[in-house]
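The sequence shown begins at 5 in the numbering used here and counts up by one. Single-structure report; data block below.
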Amino acid sequence: MSTEPLHALVAAVQLVDIRTASIEGTVDLRAGVKETGTDEVSTPVEIKSAVAVSDDANRLLASLSATIDRLATPSSPAVHMHVEIAALYELTGWRSEELDENLLSGFTYKAAAYQMLPFLREAFFGLAARLRVQAPILPLMPQDLGPAEFTED
């Protein structure tokens, strides 16, 4: 697939707003901490993206959400964290029928996600501080491929 339509779409959008759409976290204090093992636990991150186009094709809304469920370790209880970031773009010069699913998916993975990623990281660090747990490290997201964990809603 040619990258020309994606480059044209990126050139036709203007970022209007980025905001936190949802933030939630829980610490399972009832279960306590794991009595054996080590603190070195893999923390899987599930990242999802979505994109919507306004009826008049003048706006795009892209969202990036991440969920982390960390198991208990000898020094910390189990933790659940979920953050969703949304970015609103103005779009000029495109018709709805030109914006197919592959093009919008490419826009979300290769452009919008990289504008939202710092906000996603900041939200996780702030949430971890409020929950008084270790902040999670998000996976590497190579721009030309998109992260392997990405799934579409």
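Beta carbons are placed, not taken as given, at the ideal position from N, Cα and C, and that holds for glycine.
> S100: buried (16+ other C-beta within 10 angstroms of its C-beta) or exposed?
Replying inline: exposed
>> Relative to the C-alpha of H86, which candidate in V14, R74, G110, T96 has its C-alpha closest?
In response: For the residues V14, R74, G110, T96, the minimum Cα distance to H86 belongs to R74.
>> Can you tell me whether P140 is buried or exposed? The criterion is at least 16 other CB atoms within 10 Å of its CB, across all chains shown.
In response: In this structure P140 is buried. Its beta-carbon is surrounded by 16 or more other beta-carbon atoms within 10 angstroms.
> Over what stretch of residues does the alpha helix (DSSP H) that includes P9 continue unbroken?
Replying inline: Where P9 is concerned, the enclosing alpha helix (DSSP H) starts and stops at 8 to 16.
> Quick one: Cα of S53 to Cα of T112, how far?
Replying inline: 7 Å
> Residues in its own chain within less than 6 Å of V14 by CB, not counting five upstream and five downstream?
Replying inline: The beta carbon of V14 sits closer than 6 Å to those of A115, all from its chain and outside the five residues before and after it, given in chain order.
> Looking at the structure shown, is D157 part of a helix, part of a strand, or coil, going by DSSP?
Replying inline: Here the model assigns D157 a pLDDT of 46, short of 50, so the residue's position is not dependable and the matter cannot be decided.
> Per DSSP, V55 is paired with what?
Replying inline: A66
> What is the DSSP secondary structure of A90, reduced to helix, strand or coil?
Replying inline: strand
> Start and end of the alpha helix (DSSP H) containing P140?
Replying inline: It is not in any alpha helix (DSSP H) - P140 carries neither H nor E in the DSSP assignment.
> So, using beta-carbon positions, are L124 and A70 closer together than 8 Å?
Replying inline: Cβ atoms of L124 and A70: closer than 8 Å.
> Applying the criterion that 16 or more other CB atoms from any shown protein chain within 10 Å of the CB defines a buried residue, is P48 buried or exposed?
Replying inline: exposed
> Is the CB-CB distance between L10 and G97 below 8 Å?
Replying inline: no
> CB L131 to CB I27, shorter than 8 Å?
Replying inline: Between L131 and I27, the C-beta gap is smaller than 8 Å, which places the two residues in contact.
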